[in-house]
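**Q** Provided herewith is a single structure, encoded as structure tokens, for subsequent inquiry.
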Amino acid sequence: MYIYNSLTNKKEEFIPIEPNKIKMYVCGPTVYNYVHIGNARPVIFFDVVRRYFLYRGYEVNFVSNITDVDDKIINAALVNNVSETEIAQKYEQAFLENVKQLNCLPYDVNPHVTDYIPNIIKFIEALEKAGYAYEVDGDVYFSVGDVTDYGQLSNQETEHLEVGARITEHSKKRNPLDFTLWKKTDVGIQWDSPWGKGRPGWHTECVVMINDTLGKLIDIHGGGTDLIFPHHENEIAQSMALNKTCLAKYWMHNGRLMIDNEKMSKSLGNSVFLKDLLEKYEYQVIRLFMLSTHYRQPLNYTVESMENAKNEVEKMRSSLTTLQLKLDYYQYLDKEIQGLEESYLEAFNEAMDDDFNTANAITIIMNIMKEANILVRKQSFTEVELEKLLKLYHTFKLLLSILGIEFNIIRLDDETRDLINKRNEARRNKDFETADQIRAILQEKGITI
RNA sequence: GGCGCCAUAGCCAAGUGGUAAGGCACGGGACUGCAACUCCCUUAUCAUCGGUUCGAAUCCGAUUGGCGCCUCCA
């Protein structure tokens, strides 16, 4: 298996630190508002990464944080005249609900910054003691200059970064690239610390929570490309300073989601909340849309591409439904089979092993669908054909489930089988009125024939 | 100013040196009592120019256009 590593800018063979075990961490949202559809991309993609690892027999420990301390949360609390906790809990709940609606597997752990304040303080103290941090008037900064290789993830040279960096006039930083570890505050939520009252900066939380939940060096750290600099760069700097590790062996970054070829932003007024999209489209459609493009490419959200995905999902549903109903009708659905359609599995694995090429993986699923559709059209089936159909059915279903796409298809009971028989008989007798009546009854049960 | 990405049919999209996967939509046809579903057929030389090569969408250079990051951001 090969994974593109942002740290080296190369596809690298994936070798877990511990055989068959994977520790992965994906940066989660800051819960100051409902998440937008851009947030859904890493959520869906890394869920598929996890599902694929599980399918390949790995044990996966999947952690994603909830950032519940942040300026934006504090502002939202002030504006609405409620506590930060209230804001954070409301939007965290909404976020987790959306994640569930997207049919993502539940996270193993969702660490919260507010639960890690003592650890964060300890971590900053250790950095200070080791000479990588300095205090100025109650603020604590990380000294970027004291770390070698700063900029290796984002491929930035320190001197060039300074040109574009915004240097505030009264900056207390020794180096404009230095970032805040602890921020002295007078307003909003705050904690006591050796440096006085304040709250932690953004970049430390992830390192501390990763160290605590997963360890000092994990297999995969994921997030959007926009987090590469400065967030992930600063995580690495802290980890190198204290733990002498680059925190994660493989750094994976998904491309941005665009709306009509424009960046999604509040100022452009083109943000779309995930919750609103979920009202418009089934989760299968959203997932297929998100997975139809390779994860490192930018993905453009348009009404047209959503409709496109919707049509595809309808075809998948109808194909799988026909397949299952046929097998069920012939009392063959629950039969045990040995093995699946190996050639499709191999092709699927090959696509996914190549840096999670979901676009190609979807093509393989389409191929299965095609073969099944052709075979299932027959009027009657031999034992061999039924077995083939059953294999195709299970393979189809399995591969879809790795993409997190599942369909609930009704099971037939004897009564329904009877109805189907009666309808067939009516049609043979050209009694189309009865046939159509039965069809309507079946339709109501969710059975389209 | 620095770093980086992208440009393939109406649309989405794979392919990264050996002669353009797949899907959606459109059109034509088949099946059907009608319909839905399904099936078959049809659709591009890969932004432009130049170079390397027996051979390039794929490598190199230039140009044009679009985008991201460097400040909170998935």
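So for the first sequence, my numbering puts the first residue at 37; every next one is plus one.
The beta-carbon is built from N, C-alpha and C at its ideal position, and this holds for glycine as well.
Keep in mind that this is a model prediction, so the values were computed, not measured.
Alpha carbon to alpha carbon, how far is Q192 from C242? Give it in angstroms, no decimals.
**A** By 1-based counting over the first sequence, the position of residue 242 is 206. By 1-based counting over the first sequence, the position of residue 192 is 156. Whole-angstrom Cα-Cα distance: 22 Å.
**Q** With 16 as the cutoff for other CB atoms within 10 Å, does T204 come out buried or exposed?
**A** As a working note, residue 204 is residue 168 in the first sequence. Confidence is the limiting factor: at T204 the pLDDT is only 48, short of 50, which leaves the residue's position unreliable, though a coordinate-based value still follows. Flag for T204 reads exposed.
**Q** Hey, L376 and H430 are a contact pair by Cβ (cut 8 Å); roughly how many whole angstroms apart?
**A** Position 340 of the first sequence, counted from the first residue, corresponds to residue 376. Position 394 of the first sequence, counted from the first residue, corresponds to residue 430. Sure, about 6 Å apart at Cβ, within 8 Å.
**Q** Is the Cβ-Cβ distance between A273 and V183 less than 9 Å?
**A** Indexing the first sequence from 1 puts residue 273 at position 237. Indexing the first sequence from 1 puts residue 183 at position 147. In this structure, V183 lies closer than 9 Å to A273 by Cβ.
**Q** May I have a chain-ordered list of the alpha helix (DSSP H) segments no shorter than 4 residues that lie completely inside the stretch 364-396?
**A** Complete alpha helix (DSSP H) runs here, min 4: 378-389.
**Q** Find out if the Cβ-Cβ distance for the pair I400, A387 is shorter than 9 Å.
**A** In the first sequence, counting from the first residue as 1, residue 400 sits at position 364. In the first sequence, counting from the first residue as 1, residue 387 sits at position 351. Yes, Cβ-Cβ distance for I400 and A387 is below 9 Å.
**Q** What are the partner residues of Y286, as DSSP defines its beta bridges?
**A** In the first sequence, residue 286 corresponds to position 250, counting from 1. In the DSSP output, where bridge partners are listed per residue, Y286 has I256.
**Q** Under DSSP, the beta strand (DSSP E) around S421 begins and ends at which residues?
**A** Against the first sequence, residue 421 aligns to sequence position 385. One point to set straight first is that residue 421 is Glu, not Ser, in the sequence displayed. That residue, E421, is in no beta strand (DSSP E); its alpha helix (DSSP H) goes 419-438.
**Q** Do you know how far the Cα of L90 is from the Cα of F50?
**A** Taking the first sequence and counting its residues from 1, the one referred to as residue 50 is at position 14. Taking the first sequence and counting its residues from 1, the one referred to as residue 90 is at position 54. Distance between the alpha carbons of F50 and L90: 15 Å.
**Q** Taking only three categories from DSSP, how would you classify P65?
**A** Stepping through the first sequence from its first residue, residue 65 is reached at position 29. In the structure shown, P65 sits in coil (DSSP, three-state: anything other than H, G, I, E or B).
**Q** Here's the rule I'm using: 16 or more other beta-carbon atoms within 10 Å means buried, otherwise exposed. How should P334 be labelled?
**A** Here residue 334 is taken as the residue at index 298 of the first sequence, counted from 1. So P334 ends up on the exposed side.
**Q** I'd like to confirm the pairing. Which residues does DSSP put opposite T103 in its beta bridges?
**A** Position 67 of the first sequence, counting from 1, holds the residue named residue 103. Answer is T66.
**Q** Using only alpha-carbon positions, find the residue among N69, I73, G167, D83 that is nearest to Y127.
**A** Taking the first residue of the first sequence as 1, we reach residue 127 at position 91. Looking at the Cα atoms, N69 is the closest of the given residues.
**Q** Mind listing, in chain order, the continuous alpha helix (DSSP H) runs of no fewer than 4 residues lying wholly within the stretch 90-177?
**A** If we require 4 residues or more, the alpha helix (DSSP H) runs fully inside the stretch 90-177 come out as 107-116, 120-137, 153-165.
**Q** By Cβ distance below 8 Å, which residues in the same chain neighbour Y286 in space, the five residues on each side in sequence not counted?
**A** Looking up residue 286 in the first sequence gives position 250. Hits under 8 Å: I39, N41, L43, E48, F50, D255, I256, H257.
**Q** Return the CA-CA distance between R202 and P212, expressed in angstroms with no decimal places.
**A** Within the first sequence, the letter at position 166 stands for residue 202. Within the first sequence, the letter at position 176 stands for residue 212. Low per-residue confidence applies at R202: pLDDT is 46, beneath 50, and the placement is therefore not dependable enough to give any value.
**Q** Sorted by chain position, which residues of the same chain lie with C-beta nearer than 7 Å to S328's C-beta, five sequence neighbours on each side aside?
**A** Counting from one through the first sequence, the residue named residue 328 turns up at place 292. Here the set comprises A345, A395, I398.
**Q** For L109 and A124, which I take to be in contact (beta-carbon distance under 8 Å), what is that distance rounded to the nearest angstrom?
**A** Mapped onto the first sequence, residue 109 falls at position 73. Mapped onto the first sequence, residue 124 falls at position 88. According to the sequence displayed, residue 109 carries Ile and not Leu. I109 to A124, Cβ: 6 Å. Contact.
**Q** Here's a check: name, in chain order, each residue in its chain whose Cβ is nearer than 7 Å to the Cβ of D467, leaving out the five neighbours to either side.
**A** Position 431 of the first sequence, counted from the first residue, corresponds to residue 467. No residues qualify anywhere along the chain.
**Q** Taking the Cβ atom as the reference point for each residue, do P236 and I160 lie within a distance shorter than 9 Å?
**A** Counting from one through the first sequence, the residue named residue 236 turns up at place 200. Counting from one through the first sequence, the residue named residue 160 turns up at place 124. Yes; because the gap between Cβ atoms is below 9 Å, this pair is in contact.
**Q** Cutting at 7 Å between CB atoms, please list the residues of its own chain near Y368, excluding the five before and the five after it.
**A** For the purposes of this step, residue 368 is identified with residue 332 of the first sequence, where counting begins at 1. L422, L426, listed in sequence order.
**Q** Pull the bridge partners of T216 from the DSSP assignment, please.
**A** Along the first sequence, one-based indexing puts residue 216 at 180. Y177, per the DSSP bridge assignment.
**Q** Taking the CB atoms as reference points, tell me whether Q137 and Y319 lie closer together than 9 Å.
**A** Walking along the first sequence from the start, residue 137 turns up at place 101. Walking along the first sequence from the start, residue 319 turns up at place 283. Cβ distance < 9 Å, so Q137 and Y319 count as in contact.
**Q** Between T240 and L217, what straight-line distance do the alpha-carbon atoms span, to the nearest angstrom?
**A** What you label residue 240 is simply residue 204 of the first sequence in a count that begins at 1. What you label residue 217 is simply residue 181 of the first sequence in a count that begins at 1. Cα to Cα, T240 sits roughly 6 Å from L217.
**Q** Can at least three beta-carbon pairs, one atom from the stretch 57-76 and one from the stretch 91-98, be found at a separation below 8 Å?
**A** Yes, the stretch 57-76 touches the stretch 91-98.
**Q** May I have the straight-line CA-CA distance separating R210 from N297, to the nearest angstrom?
**A** Against the first sequence, residue 210 aligns to sequence position 174. Against the first sequence, residue 297 aligns to sequence position 261. Approximately 40 Å, taken between the alpha carbons.
**Q** Run through DSSP, which three-state label would W231 get?
**A** Within the first sequence, residue 231 is the residue found at index 195, counting from 1. If DSSP states are grouped into helix, strand and coil, W231 belongs with coil.
**Q** Can you tell me whether I53 is buried or exposed, with buried defined as 16 or more other CB within 10 angstroms of its CB?
**A** Reading the first sequence from its first residue, position 17 is the one you call residue 53. When all chains shown are included, I53 counts as exposed.
**Q** Since G232 and K220 should fall inside the 8 Å C-beta cutoff, what is the C-beta to C-beta distance between them, to a whole number of angstroms?
**A** Taking the first residue of the first sequence as 1, we reach residue 232 at position 196. Taking the first residue of the first sequence as 1, we reach residue 220 at position 184. Between K220 and G232 the Cβ distance is about 6 Å, and since that is below 8 Å, they are a contact.
**Q** Going by Cα to Cα distance, which pick from V67, Y317, G64, L363 is closest to E348?
**A** Reading the first sequence from its first residue, position 312 is the one you call residue 348. The candidate whose alpha carbon is nearest that of E348 is Y317.
**Q** Span of the alpha helix (DSSP H) holding E461?
**A** Residue 461 sits at position 425 when you count from the first residue of the first sequence. Element bounds for E461: 450-464.
**Q** Within 10 Å of its beta-carbon, does L436 have 16 or more other beta-carbons around it, so buried, or fewer, so exposed?
**A** One-based indexing of the first sequence puts residue 436 at position 400. Buried.
**Q** Going straight from the alpha carbon of S354 to that of M405, what length do you get?
**A** Against the first sequence, residue 354 aligns to sequence position 318. Against the first sequence, residue 405 aligns to sequence position 369. Roughly 10 Å between the two C-alpha positions.
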